[in-house]
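In my numbering, the protein residues as written are 65 to 196. No residue lacks a Cβ here, since even glycine has one placed at the ideal position from N, Cα and C. Bear in mind the structure is a predicted one, so any value in this text is a computation, not a measurement.
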């Protein structure tokens, strides 16, 4: 078990050296600094939208106005090129980490269920020997 943990630690150190991971961290920090106002406005609009959903939902008198504001602000933020790059890099990092976790699970036992990139179980293991 200790050997596995050491190998995982080494693997994560190697991941942190990868160009896409470095760019992911750099992009994340840059977005936090450069687009702070837009992100705060998005969070405030989302909070208003969530409050309306909790207090009447689509029957609330301000639902249409606030939902349009939320959609507009979310579209504005998610169309920023750096934010698009951030999510692309995030997907690459997540895929790499998920592949590592699946490899670990398979090395422990072929009966451990592992998930594909869509979140569905690839192989359904179990304790029943003759069930397949």
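Check, Outcome
"Span separating the alpha-carbon of residue 43 from that of residue 154", "For residue 43 there is no data in the structure shown, the boundaries of the chain being 65 and 196."
"Spatial neighbours of residue 194 in its chain, beta-carbon cut-off 6 Å, leaving aside the 5 residues before and after", "Because residue 194 carries a pLDDT of 48, less than 50, the predicted location of this residue cannot be relied on, and the following value inherits that uncertainty. Nothing listed; no residue qualifies."
"When 81, 71, 133 and 85 are compared against residue 157, the one with the closest alpha-carbon", "85"
"Residues of its chain near residue 141, where Cβ-Cβ distance is below 8 Å and the 5 sequence neighbours each way are ignored", "99, 102, 103, 106 and 147"
"Inter-residue spacing [alpha-carbon to alpha-carbon] between residue 136 and residue 143", "11 Å"
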